[in-house]
Structures are given as C-alpha cells and as structure tokens.
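Protein chains: 2
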Amino acid sequence: MPLIDAQTLRRLSTQILIHAGVPEPSAASQTDLLLEAELRGVPSHGLLRLRRVVERIGNGVANPASVGRHYWRREAFLEVDGEMGLGPVVALAALDQIAIRARQTGIAVAAIHNSNHIGMLGYYAERIAQAGQTILAFSTSEALVHPWGGRKAMLGTNPIAIGVPTQGEPFVMDTATSIVSMGEVHDYASRGEPLPEGWALDAQGNPTTDAAAAKAGALAPFGGAKGYALGLAFGLLASSLAGAALGRDVHGTLDSHSICNKGDLFIVIDGPNALLDDYLDMLRQAEPAEGVEKVLIPGERGRACRAERLRIGVPLAEPLWSDLQRLAAEQEGA
Amino acid sequence: MPLIDAQTLRRLSTQILIHAGVPEPSAASQTDLLLEAELRGVPSHGLLRLRRVVERIGNGVANPASVGRHYWRREAFLEVDGEMGLGPVVALAALDQIAIRARQTGIAVAAIHNSNHIGMLGYYAERIAQAGQTILAFSTSEALVHPWGGRKAMLGTNPIAIGVPTQGEPFVMDTATSIVSMGEVHDYASRGEPLPEGWALDAQGNPTTDAAAAKAGALAPFGGAKGYALGLAFGLLASSLAGAALGRDVHGTLDSHSICNKGDLFIVIDGPNALLDDYLDMLRQAEPAEGVEKVLIPGERGRACRAERLRIGVPLAEPLWSDLQRLAAEQEGA
C-alpha cells in the first residue's frame, strides 16, 4: 500500500470539501475526523467515506453550511437540529457548548438529530478528555445487527465512546456493539475468505460463514445476550432523547441519497476526577496470558499507531488513493 | 425449594434490620432492594446478602442511621459522602435529589463514595424510568475480573444499568461486565460441575474449567476485548468521579469487616423522550432463530418472573430460608 503523508491527505481532503461548497473551517473539521481515523488505524471510518460526503452534498441531503440550530431545552440540556449539516461540524459545535455549560453546571447533555454521519466516536471523546472533562458519547446507525436470538438486522451497530482524563494521556475507549463491522465482512468477501463462526447470519436469518451471503444478512451483537442488551440500550438512549429514527427506519449513514435520521448523544461531566494513572500503569504492567504480548489499555494501540503514521505516512489502499485523486480532479473540474 | 410469600419475607427482613438498629424507613428500603432481586430472579443480589448487612452493622463498617451527606459541587453535580450508610438508603436519597434537580437542569449526576453495597442496579433504573426520566447507573466492586489477555483479577464486575421511559413499562437493562457472576461459579463448585470453557482462570492465571479452582482465580470479562474495554471504562468513570478505590484496592462489598470504598454513579436525564413502543413491539414479534422461543427485551423476563412470584411466592433455597429465620431469632434475642 502506498504510504501517504498525513499533511498531503489533509490538504487533499480539505480542498475536495471546499470545492464541494464546504466553508473552510468545516472542511477542516470533516477532514480532521476522517484523517484521525486513518491515523489511528480505523480505515472503515476514514477517507473511504469522503466520496459519500461529497455525493450527499451534491444530492442535497447534506448541507455544507449548517452547524446546527441550538435549543437549550433546560439549562444543561441542549437539543440540536443539525439542519442536515456535516456530522462532525454539527457535533463539534454542540460539544463546545455543552463543555462550556458543564463547567458551570457540572454536567450537560447534547441530543442531536437531523445531522450527518458522525464518524469515529473516540474522536470526540479524546478531544473532551484531553481538555480535562469526562464524556460519554453515543450514536445510532442503520440496522445491521440482529437481536440475540433473532434472524434479521434490527439494531444499529450502536457504538459508545467513553473518555476520562488522567494525569497523562486520557483514557479513551470507543467500540461498536456489533461483533465486527460490516466493513470487515466486506473485506472478507473481497478476499473470498470464510467468516469466523458466529459473526453473521445470511438474508434468510441462518448462521453463515459465507461473507458474500452475510453482506445481505445481519451481524451478530458482540458478547451474546449481554452485548445485545447493551447495544439496544445505547440505541434506545440516543434515539429516545434525540428524537431520532429506530432500527430499520434509520437511513442516511450508508447511502448517498437519503436524509440522515439517526441520533447522536453526548454527555460531558466536569467533575473532580480522581487519579487513575497508578491503576492504569498496573494494568499495563500486568503479567500477560500465555501467547499474549501485553495487556492493553483501550485506545493506546490507536494512539501509538497515530504517532507512527504521522512519522512514516498513512497506508492507503491503492484504489482509495486513486479514487481520492480522481475525486479531487472531479471537484476542481466541477 | 420452599415458596415463601413475598409479604412474609418483607416483614421478616424489615424486622431483622430494625432489630439491628436500622430506622424503619431505611430497613424498608434495604429490604425492598433485596426482595426485588428475589422477585426478579436474581438471587445473587437477594436476601442471601442480608446476613452480611447485619454483620457489617455489628462490626461498625455500616452505619444504619446514615443517609449520606450531600454536597452540590455544581448546580447539577451532587457529590455524596455515604458516611458508611446502607447502599440503597444512600443511593435512593441521592437519586431523589438529582431526579428533582434534573427537572430544572435537564440532566444531573450523583457521585457517591463511602457507601455500602448498592445491590442490583436495575432497581434504581426501574424506579427512575417508571417515573418518566432516563437513567444511567454504574457501580464498582472488588476485583474479580481479569483484563483481556491478563492472568489476575484486576477489575470489578463493573455493572451498568440503563432505563428509558416508554408509553408502557420502561425499558430497563442491567448487566455486569463479567461473563458470569462469582456467585454462579460458587454454584457450579457446590454442585461439582465443570465450568464452560472461557469463563475463568485459576489462581495461577491459567484457563480452568474447575469451578473450585476458579473461586480463587478470576472471571473473564464478557465479550472478549470489547467487554473488557467497556467494563474498564465503566469502572474508571465511576471511580474517577466518585473518588473511589480502583481494582484490587476495592474492599467491603464481599466481606463483613472492611470499610466499603467502591464508588457509585447515577446520571438522570429529564428530556423529551421519543416513543420507543412500536420498535420494542417489532423486536418482541421478530421471528426467532432456530431453537429460540422468542426474541427477548432485556428486563422483561425479570418483570414476568416478578409478577409470578408475587402471586405464587418466592422460591428460597432451604439453607437460606433457615438462615433467615435463625438471623431473625438472633436479632430478637440480641
């Protein structure tokens, strides 16, 4: 894979977005989100998604100028109508407001609807926790996951991110509640490899290891019944408070033409944080199991990956790198 | 197992606590928590724990009179020093305050330290969600769970409960982040049955299916690396904000003599809740997988169990039923 310098990618993506009609600061935010995913080794949430952002603007289902309309329903409850804005642009504007408000009230929440794909939740958690506040972040998405004991996709991959400040780098975890991403299933399908058992159902709702069949089926929730319960709870929490669509009614995070009707929820807490560093060090230094190199702290592998990729460049699959250059040419010509 | 009428158990437990020096309203709260666990089919958090509550009062590590001291650090951030009070007594007093405050501010948080075992988190979630508010509840506990890829117990079973109001009965989920409870491992050991693979490590940190060996070892987190990440995040979140102990430094939820230094965290949100009922109905009616009777909504099996046990009585293991009667006699004689 070609290794592309992060600054080159940043300039390229920002220019593409500006040519698509996105104001410069918003183009920088959308780019930063996608690039951070590449840097942290989460390509499913990276520059692969840029073409869809541009197409959605072109199709009138993403408004490049909107930052969202804010309604303080209560002193610490911010309702946000994203006005079809870009996901990170709307999210960051809302987060800034509740981070400030939480300094006065101790905690504040933003519930966002009518906004586009928010991307990697850990991005927001890292930002808030780096600045010394605690955060919980939730988002809903298209139905891709089957309920435990069911046959059809009826839940989103309903991710959660949690960030807690420490003396050093903050603790940041970010995970979907599906056993694996649909992107990974697509990767298996393109390589012609069988899926591990238990990952997916086919379109008829039967267990399958055929990745091509799984693309038309459903992903398993991670962790069996408990993971299903958590994913469902995160989805209900965000959808209920954001007034967003649920389950199979959710659209617009995976296509280029539907208005995006999922919900996002951020809770920021400005509390006195006790020190976690000694405990985290103890975990880092814990004796690993047979065949395991070391006990990991969530988020730290991504942070190490980021440092390396800032140094040596971002590995991009050749088709994606070509497509980005084509996209830039198209936008310049447009 | 003898089936004991719920009112009989309520009277018995309340009397035992009153004789142990607990004021009547607090005795009723502690009893209600334990009895609800029995009714909902969670005996590990039920009346089995009553003797320990009484012993802790006797040993001076639980203060039967305390309801906790409240400090509003910010308008919507309540810090609670439990003053060694009974877990549910301190928790309910704090919850009442933040539920009222959230009506003004939209969201409020209580961070509790120096309080005793809080019991089944779903109890609190059910209460708040029944009253029309949304809730997230966390608590930390003694280190019983090994980090993913580690050998020793270094995390609590770090449970979470989430409650969201609906038009009908609220959605309430409540789960520990261990693959199974240590209580269940004890049950396997007492029956001499082998554990399923992947549940536990022995004292040397090696995988074991020997339940007796697992009692001295560690439980696996549920759901592999993702479940570990979530359990760790829930634990850090609660400990950091509550100023509570972490990992192997946590004591007092499983013994009768240590001051309890874990933390509890409640977040109550008073938002406009969108309707979830149609979606939940769709899940209830979803076609089940081969060999599965129906798709379940978390919390509903417990609610059905509760209705039945209120009608026919609570099945109590004979040794527990005898012990409760012995405990009552001891306390009356004391």
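Sequence order for the protein chains is A and B. Anchor point for the first sequence: position 331 equals 331 in our numbering, and the numbering is continuous, going up by one each time. Anchor point for the second sequence: position 117 equals 1117 in our numbering, and the numbering is continuous, going up by one each time. Heads up, the beta-carbon is just placed ideally off N, CA and C, and yes, glycines get one too. The structure presented is a predicted model; accordingly, all values stated were derived computationally and were not measured.
Taking C-beta pairs closer than 7 Å, name the residues in chain B that residue i reaches, listed in chain order.
{"i": "residue 162 of chain A", "result": "1233, 1237"}
{"i": "residue 296 of chain A", "result": "1149"}
{"i": "residue 292 of chain A", "result": "1149"}
{"i": "residue 279 of chain A", "result": "1246, 1247"}
Whole angstroms are fine: how far does the CA of residue j sit from the CA of residue i?
{"i": "residue 42 of chain A", "j": "residue 123 of chain A", "result": "11 Å"}
{"i": "residue 1335 of chain B", "j": "residue 36 of chain A", "result": "Because chain B spans 1001 through 1334 in this model, residue 1335 of chain B falls outside it and cannot be assessed."}
{"i": "residue 40 of chain A", "j": "residue 1307 of chain B", "result": "50 Å"}
{"i": "residue 231 of chain A", "j": "residue 1162 of chain B", "result": "11 Å"}
{"i": "residue 206 of chain A", "j": "residue 95 of chain A", "result": "41 Å"}
{"i": "residue 1142 of chain B", "j": "residue 1080 of chain B", "result": "20 Å"}
{"i": "residue 1289 of chain B", "j": "residue 150 of chain A", "result": "5 Å"}
{"i": "residue 23 of chain A", "j": "residue 157 of chain A", "result": "31 Å"}
{"i": "residue 125 of chain A", "j": "residue 325 of chain A", "result": "31 Å"}
{"i": "residue 1285 of chain B", "j": "residue 217 of chain A", "result": "19 Å"}
{"i": "residue 1330 of chain B", "j": "residue 1187 of chain B", "result": "27 Å"}
{"i": "residue 73 of chain A", "j": "residue 254 of chain A", "result": "31 Å"}
{"i": "residue 1243 of chain B", "j": "residue 1264 of chain B", "result": "10 Å"}
{"i": "residue 1033 of chain B", "j": "residue 1115 of chain B", "result": "15 Å"}
{"i": "residue 262 of chain A", "j": "residue 251 of chain A", "result": "7 Å"}
{"i": "residue 1028 of chain B", "j": "residue 1051 of chain B", "result": "16 Å"}
{"i": "residue 193 of chain A", "j": "residue 292 of chain A", "result": "25 Å"}
{"i": "residue 1168 of chain B", "j": "residue 1275 of chain B", "result": "10 Å"}
{"i": "residue 1106 of chain B", "j": "residue 70 of chain A", "result": "15 Å"}
{"i": "residue 1053 of chain B", "j": "residue 1333 of chain B", "result": "18 Å"}
{"i": "residue 245 of chain A", "j": "residue 1110 of chain B", "result": "30 Å"}
{"i": "residue 1278 of chain B", "j": "residue 88 of chain A", "result": "30 Å"}
If residue i sits next to residue j, beta carbons under 8 Å apart, how far is it from one beta carbon to the other, in whole angstroms?
{"i": "residue 1061 of chain B", "j": "residue 1093 of chain B", "result": "Not confirmed; about 19 Å, so no contact."}
{"i": "residue 1179 of chain B", "j": "residue 1220 of chain B", "result": "5 Å"}
{"i": "residue 1048 of chain B", "j": "residue 1013 of chain B", "result": "With a Cβ gap of about 12 Å, residue 1048 of chain B and residue 1013 of chain B do not count as contacting."}
{"i": "residue 201 of chain A", "j": "residue 208 of chain A", "result": "6 Å"}
{"i": "residue 1321 of chain B", "j": "residue 1025 of chain B", "result": "Their Cβ separation, rounded to whole angstroms, is 26 Å, which puts residue 1321 of chain B and residue 1025 of chain B out of contact at 8 Å."}
{"i": "residue 1112 of chain B", "j": "residue 1082 of chain B", "result": "6 Å"}
{"i": "residue 1256 of chain B", "j": "residue 1055 of chain B", "result": "4 Å"}
{"i": "residue 226 of chain A", "j": "residue 1175 of chain B", "result": "5 Å"}
{"i": "residue 235 of chain A", "j": "residue 144 of chain A", "result": "That pair is no contact at about 12 Å."}
{"i": "residue 165 of chain A", "j": "residue 273 of chain A", "result": "5 Å"}
{"i": "residue 1271 of chain B", "j": "residue 241 of chain A", "result": "5 Å"}
{"i": "residue 8 of chain A", "j": "residue 17 of chain A", "result": "At roughly 15 Å, the Cβ-Cβ gap does not stay under 8 Å, so residue 8 of chain A and residue 17 of chain A are not in contact."}
{"i": "residue 1238 of chain B", "j": "residue 173 of chain A", "result": "Wrong, their Cβ atoms sit about 14 Å apart, outside the cutoff."}
{"i": "residue 118 of chain A", "j": "residue 91 of chain A", "result": "5 Å"}
Which bits of chain B does residue i rub up against, with CB to CB less than 8 Å?
{"i": "residue 276 of chain A", "result": "1236, 1239, 1240, 1246"}
{"i": "residue 123 of chain A", "result": "In chain order: nothing, as chain B lies at least about 16 Å away."}
{"i": "residue 229 of chain A", "result": "1173, 1175, 1298"}
Quick one: list the residues of chain A neighbouring residue i, beta-carbon separation under 8 Å, in chain order.
{"i": "residue 1208 of chain B", "result": "Ordered by position in chain A, no residue passes the 8 Å Cβ test against residue 1208 of chain B, which lies about 12 Å from the chain."}
{"i": "residue 1273 of chain B", "result": "240, 241"}
{"i": "residue 1104 of chain B", "result": "74, 75"}
Could you list which residues in chain A have their beta carbon closer than 9 Å to that of residue i, in chain order?
{"i": "residue 1267 of chain B", "result": "107, 109, 136, 267, 269"}
{"i": "residue 1287 of chain B", "result": "150, 151, 152, 205"}
{"i": "residue 1215 of chain B", "result": "By Cβ distance, chain A contributes nothing, its closest Cβ being about 19 Å from residue 1215 of chain B, past 9 Å."}
Apart from the five residues on each side of it in sequence, which residues of its chain come closer than 6 Å, Cβ to Cβ, to residue i?
{"i": "residue 108 of chain A", "result": "76, 98, 101, 102, 268"}
{"i": "residue 136 of chain A", "result": "162, 267"}
{"i": "residue 1294 of chain B", "result": "1288"}
{"i": "residue 4 of chain A", "result": "313, 314, 316"}
{"i": "residue 1181 of chain B", "result": "1044"}
In its own chain, which residues sit with a C-beta less than 7 Å from the C-beta of residue i, not counting the 5 before and 5 after it?
{"i": "residue 130 of chain A", "result": "170"}
{"i": "residue 317 of chain A", "result": "1"}
{"i": "residue 1222 of chain B", "result": "1177, 1178, 1179"}
{"i": "residue 1224 of chain B", "result": "1148"}
{"i": "residue 128 of chain A", "result": "95, 99, 135, 163, 268"}
{"i": "residue 65 of chain A", "result": "23"}
Who are the neighbours of residue i on chain A, taking C-beta pairs under 7 Å?
{"i": "residue 1283 of chain B", "result": "147, 154"}
{"i": "residue 1226 of chain B", "result": "175, 222, 223"}
Can you list, in chain order, the residues of its chain whose CB lies under 8 Å from that of residue i, leaving out five sequence neighbours each side?
{"i": "residue 185 of chain A", "result": "195, 199, 200, 211, 214, 215, 219"}
{"i": "residue 259 of chain A", "result": "61, 84, 114, 251, 252"}
{"i": "residue 344 of chain A", "result": "Since the displayed chain A opens at 1 and closes at 334, residue 344 of chain A lies outside it and no answer follows."}
Check: For the stretch 185-199 of chain A, which residues have a CB atom closer than 8 Å to at least one CB atom of chain B, in sequence order?
Finding: The residues in question: there are none.
Item checked: Cβ-based contacts, 7 Å cut-off: residues of the stretch 164-177 of chain A near chain B -> 164, 171, 173, 175
Note to self: Closer than 9 Å between beta carbons: that is the criterion. Which residues of the stretch 25-59 of chain A meet it against chain B?
What the structure shows: none
Margin query: Taking beta-carbon pairs under 7 Å, can you tell me which members of the stretch 1301-1322 of chain B lie near chain A?
Written below: none
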